[in-house]
Amino acid sequence: MFVTEWNSSALVKAATKAGKKKNALTPMTFSLLHATDFADRLLYKIIPPLKAGMIVVADRYAYTAFARDAVRGVDRQWVRDLYGFAVRPDLALYFRVPIDVSLDRLLARRVKLKFYEAGMDMGWSASPAESFRLFQSRVLEEYDHLVDEYGLTVVEAAGSITEQQKIVRRHVSALLEDAR
Amino acid sequence: MTPTQDALAPGANGGIQAGRYYGRGLPYLPLDDYPGRIIAIEGSDGVGRSTQIRLLRQWLEVKGYGVVETGWTRSPLMQPTIDLAKSSNTLNKLTFVLLYATDFADRLEKEIIPALKAGFIVLSDRYIFTALARAGVRGVDRPWLRNLYGFAIAPHLVFYLKIDVESLISRVLQARGMDFWESGMDLKLGDDIYDNFRAYQSRLLREYTSMADEFHFRVLDARRPIDRIQEDLRQQVDTFLTQSDVSTPAPEPART
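Taken in order, these protein sequences are the chains called C and Z.
Terminal number for the first sequence in this note's numbering: 200, no gaps in between.
Terminal number for the second sequence in this note's numbering: 343, no gaps in between.
Structure representation (structure tokens):
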């Protein structure tokens, strides 16, 4: 098994970091940098283990970009076409959580919400918590469309970790049984 | 996630009015009427673009136009990353294309569009056609590429400095020699840099030629002396600016 995380390629790290530090990213450069990161990981980290018969677990996938970039005002169809080079996952799990729960969880383990995570670049609110609520609510709406459009499997994530893990294992087992 | 043909329809192509977005554009940055104009100068490495742009800029400024220059991979956001990626040879064809597109997007939003809105003439040393040509020879899907650059603005004028591969080789050798990327060594056609340069640049020239009609290139023979090419450029730019009624700053009041 191989795990790959969103926004983790060494190639793009420097530019993403510099851009985020200076809050210098526009919706378009934000979108393109993440696609570059994804392309780099796809070719070096995702496709080789797949060819070797491994299971690749991706922490976030192109759907994250579809949701976030659309909220930032990038054309929806353009982003979908941009990721036309991506491999379609065999199973896409979407952990759905009400906005209040996700805000509470984030605030519980971190002092400060990150600038882009809270959608502060949109200038909708000077308060990070309020901006997060506005921005992520729109992101959740986008995800709801993606569930139908791409057949995402929804896991209700407000429940306990044990409960969620049971559901996840059931879906994964079913997939692996089918593949046999 | 293969895109459908339908979804690819509105990408970068020549059927678009100059000064507008080629495709879906930047929905959060609508282009209304703006007073500026964008002129792109395209052509191979070592064909003399920078010299022509410098001379053209001087002439335009003397005529009273405000001029802003923009050039390939010059965005502060991306230049360090692109340089690093090139020097460490970690680029594959997709990341190559996407890094260039990010650089272009950064310059488009932060340099080109503000300058156009402020009434400047933007001289672009290379434009998206360089990206289309380089990615094209590397086998990247053409409809995908055109869709990717659907956020670019169609320039008002595109000049293509055309040269044949023989003349290009002697120029590059006299000036500074052949480098890794200009020779397309990443394509791994062989070990000989001269053979690679010739093969790679020939392919690039074919790509440019195939785009000439699609994107309304004004082709200039780059084998001629510098001042002859410049004369040609100035004449065509002058005609265009006069016809499109681009205003220069108010003339000095007449002395009495």
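The beta carbon of each residue, even a glycine, is placed where N, CA and C say it ideally should be.
| Query | Result |
| --- | --- |
| CA-to-CA distance, Ala105 (chain Z) to Lys197 (chain Z), given in whole angstroms | 20 Å |
| Alpha-carbon to alpha-carbon, Ala218 (chain Z) and Val184 (chain Z) | 7 Å |
| Residues from the segment 181 to 196 of chain Z in contact with chain C, defined by Cβ distance under 7 Å | Leu181, Thr182, Leu185, Leu186, Ala188, Thr189, Ala192, Asp193 and Glu196 |
| Three-state class that DSSP yields for Leu172 (chain C) in the structure shown | coil |
| Which of helix, strand or coil DSSP assigns to Ser137 (chain Z) | helix |
| Distance between Val252 (chain Z) and Asp319 (chain Z) (C-alpha atoms, nearest Å) | 22 Å |
| Three-way DSSP call (helix, strand, coil) for Gly237 (chain Z) in this model | helix |
| Min CB distance Trp26 (chain C) to chain Z below 8 Å | no |
| Collapsed DSSP secondary structure at Asp93 (chain Z) in the structure displayed | For Asp93 (chain Z), the pLDDT reaches just 41, beneath the cut-off of 50, and the residue's location in the model is therefore unreliable, although a value from the coordinates is still provided. Note: Asp93 (chain Z) maps to helix in three-state DSSP. |
| Neighbour list for Val91 (chain C) in chain Z, Cβ cutoff strictly below 9 Å | None at all; the shortest Cβ gap to chain Z is about 11 Å. |
| 8 Å Cβ cut-off: residues of chain Z touching Val167 (chain C) | Near Val167 (chain C) there are no residues of chain Z at all, since even the closest Cβ is about 16 Å away, more than 8 Å. |
| Residue interval of the alpha helix (DSSP H) (run including Phe86 (chain C)) | Ala82 to Val91 |
| Members of the segment 227 to 254 of chain Z that neighbour chain C once the beta carbon cut-off is set at 7 Å | Trp231, Asn234, Leu235, Gly237 and Phe238 |
| C-beta neighbour in chain Z for Leu172 (chain C), strict 8 Å | no |
| Minimum Cβ-Cβ distance from Ala34 (chain C) to chain Z less than 8 Å | yes |
| CB-CB length for Leu116 (chain Z) against Ile200 (chain Z), believed under 8 Å | 6 Å |
| Residue-chain proximity (Trp98 (chain C), chain Z), Cβ-Cβ < 8 Å | yes |
| Bridge-paired residues (DSSP) for Phe22 (chain C) | C:Val76 |
| Test item: CB-CB of Ile316 (chain Z) and Leu307 (chain Z) under 8 Å | yes |
| Cutoff 8 Å: Asp95 (chain C) Cβ touching any chain Z Cβ | yes |
| Segment contact, 8 Å Cβ cut-off, at least three pairs: the segment 145 to 159 of chain Z with the segment 222 to 231 of chain Z | no |
| Classification of Gln185 (chain C) by the beta-carbon crowding that lies within 10 angstroms, buried from 16 upward | exposed |
| 8 Å contact criterion, which Val175 (chain C) and Phe115 (chain C) should meet: CB distance rounded | 5 Å |
| Range covered by the beta strand (DSSP E) that runs through Val155 (chain Z) | Val154 to Gly158 |
| The segment 151 to 161 of chain Z in contact with the segment 203 to 223 of chain Z per 3-pair CB rule at 8 Å | yes |
| Coarse secondary structure for Ser211 (chain Z), derived from DSSP in three states | strand |
| Cβ shell of Arg194 (chain Z) (< 8 Å), same chain only, five flanking positions each side left out | Thr157, Arg161 and Ser162 |
| Cβ-based neighbour list, Val32 (chain C), same chain, cut-off 7 Å, excluding 5 preceding and 5 following | Leu53, Thr56, Asp57 and Asp60 |
| Outcome for Pro68 (chain C) when other beta-carbon atoms lying within 10 angstroms are tallied against a minimum of 16 | exposed |
| Chain C residues whose Cβ lies nearer than 7 Å to that of Thr157 (chain Z) | Result: empty, since nearest Cβ-Cβ is about 15 Å, beyond 7 Å. |
| Beta carbon proximity, Gln92 (chain Z) to chain C, threshold 8 Å | With a pLDDT of only 40 at Gln92 (chain Z), under 50, the local geometry of the prediction cannot be trusted, and the value read off the model is given with reservation. No, Gln92 (chain Z) does not count as interfacial toward chain C. |
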